[in-house]
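Have a look at the structure below before the remarks.
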Amino acid sequence: MMFSAIDWRELHHFNRTAQAVGISTWVRVPANPWLGDANSLQVTVDVRRAFSLGIPFVGASIASFKQARPCLVVSQDWHCPGAGEYPNSADSFFATHKKDANAAVSDIRGVLV
Numbered sequence: 004m005m006f007s008a009i010d011w012r013e014l015h016h017f018n019r020t021a022q023a024v025g026i027s028t029w030v031r032v033p034a035n036p037w038l039g040d041a042n043s044l045q046v047t048v049d050v051r052r053a054f055s056l057g058i059p060f061v062g063a064s065i066a067s068f069k070q071a072r073p074c075l076v077v078s079q080d081w082h083c084p085g086a087g088e089y090p091n092s093a094d095s096f097f098a099t100h101k102k103d104a105n106a107a108v109s110d111i112r113g114v115l116v
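Mapping to the numbering used here: the sequence shown position 101 is 104, numbers consecutive.
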């Protein structure tokens with residue numbers, strides 16, 4: 004997807020097809036840290052959107068810690084099937100919300116930065 008003609012709808016179709024045949028999808032979201040503002044959080048929006056499509060592995064070029072931290076946070080969001088954190092019981096739901104917010108730093112689930 005990185006600066007290509009593939010849009011989000013096409014990416015979603017690719018991912019669903021890959022899931023149907025047992026293949027994992029990896030996507031690199033568009034970002035250029037050498038030209039953009041190190042404080043821009045657009046890369047976080049794109050990482051979140053990729054996870055919301057169910058993509059388990061998301062790559063991004065990060066310009067600063069200010070960009071990296073929110074990407075790690077969205078990687079733990081159980082609303083996104085790609086983040087692998089969807090709770091399937093009351094116990095797992097409460098366990099998800101008790102997790103330390105800094106756990107993503109040592110346990111990056113699916114985010115390749």
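Glycine is no exception: its CB is placed at the ideal position from the N, C-alpha and C atoms.
### Task
Please go through the stretch 15-46 and give each complete beta strand (DSSP E) segment of 3 or more residues, from N-terminal end onward.
29-31
### Query
Where does PHE97 sit, in a helix, a strand or coil, going by DSSP?
By 1-based counting over the sequence shown, the position of residue 97 is 94. Of the three classes helix, strand and coil, the one that applies to PHE97 here is helix, per DSSP.
#### Entry: Distance between VAL32 and ALA53 (C-alpha atoms, nearest Å)
Reading the sequence shown from its first residue, position 50 is the one you call residue 53. Reading the sequence shown from its first residue, position 29 is the one you call residue 32. About 8 Å.
### Query
What residue range is occupied by the uninterrupted alpha helix (DSSP H) comprising PHE68?
Translated into the one-based positions of the sequence shown, residue 68 becomes position 65. Counting along the chain, the alpha helix (DSSP H) containing PHE68 begins and ends at 68-77.
### Neighbourhood of ILE65 by C-beta, 8 Å cutoff - its chain only, sequence neighbours within 5 removed
Counting from one through the sequence shown, the residue named residue 65 turns up at place 62. ALA34, PRO36, VAL46, ALA71, CYS74 and VAL116, listed in sequence order.
### Query
Can you name the start and end residues of the beta strand (DSSP E) that GLY1 belongs to?
In the structure displayed, the chain extends from 4 to 116; residue 1 sits before or after that span and is not available.
### Message
Is the beta carbon of PRO59 closer than 8 Å to that of THR20?
### Response
Start at 1 with the first residue of the sequence shown, and residue 20 comes out as number 17. Start at 1 with the first residue of the sequence shown, and residue 59 comes out as number 56. Not a contact, by the Cβ cut-off of 8 Å.
### Task
Answer yes or no: do SER67 and ALA98 have a C-beta to C-beta separation smaller than 8 Å?
In the sequence shown, residue 67 corresponds to position 64, counting from 1. In the sequence shown, residue 98 corresponds to position 95, counting from 1. In this structure, ALA98 does not lie closer than 8 Å to SER67 by Cβ.
### Task
Could you say which of VAL77, LYS69 and SER55 lies nearest to ASN18 if we only look at CA atoms?
Against the sequence shown, residue 18 aligns to sequence position 15. For the residues VAL77, LYS69 and SER55, the minimum Cα distance to ASN18 belongs to SER55.
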